[in-house]
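Engineer: As numbered in the UniProt record's numbering, residues 1 to 85 make up the sequence shown, in order.
Handing you a structure now.
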Amino acid sequence: MQSLPLVEGMPVVFTQNYDVSGGVVNGTEGILRSINYEEDQEGNRIATSCVVSCDSVSCDALPGLGVNEVVALRERVKVQIRNPY
């Protein structure tokens, strides 16, 4: 599998410090509210950003977002899973 399924309403955790003073830091938990996509030539949807609702954030909302909503931008990371058996 070369993709990560994203579903609106699923719990998510930030793994980077996006806005330390605003409370959007590594370990911040939230709920995925919306996903923005672009489409490639084969018709595959590729997530470009997500809106996440986090009760613990203290930053001002960006225009068009609700209270406690923040944006997570696309980032490519390599994930390696090892079967211990």
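Where a beta carbon is used, it is the ideal one built from N, C-alpha and C, also for glycine.
From the DSSP output, in three-state form, read off P63 for me.
Structural biologist: Along the sequence shown, one-based indexing puts residue 63 at 63. Three-state result, P63: coil.
Engineer: From P11 to Q41, what distance separates their C-alpha atoms?
Structural biologist: Walking along the sequence shown from the start, residue 11 turns up at place 11. Walking along the sequence shown from the start, residue 41 turns up at place 41. Approximately 30 Å, taken between the alpha carbons.
Engineer: Determine the burial state of G9: buried for a count of at least 16 other Cβ atoms within 10 Å of its Cβ, exposed for fewer.
Structural biologist: Taking the first residue of the sequence shown as position 1, residue 9 is located at position 9. It counts as exposed.
Engineer: Distance check for G30 and N17, CA to CA, integer angstroms please.
Structural biologist: For the purposes of this step, residue 17 is identified with residue 17 of the sequence shown, where counting begins at 1. For the purposes of this step, residue 30 is identified with residue 30 of the sequence shown, where counting begins at 1. Using only the alpha carbons, I get a separation of about 14 Å.
Engineer: For the beta strand (DSSP E) holding T48, just list the boundary residues, first then last.
Structural biologist: Along the sequence shown, one-based indexing puts residue 48 at 48. Segment R45 to S53, the beta strand (DSSP E) holding T48.
Engineer: Rounded to the nearest angstrom, what separates G27 and T48 at their Cα positions?
Structural biologist: Walking along the sequence shown from the start, residue 27 turns up at place 27. Walking along the sequence shown from the start, residue 48 turns up at place 48. C-alpha separation (whole angstroms): 21 Å.
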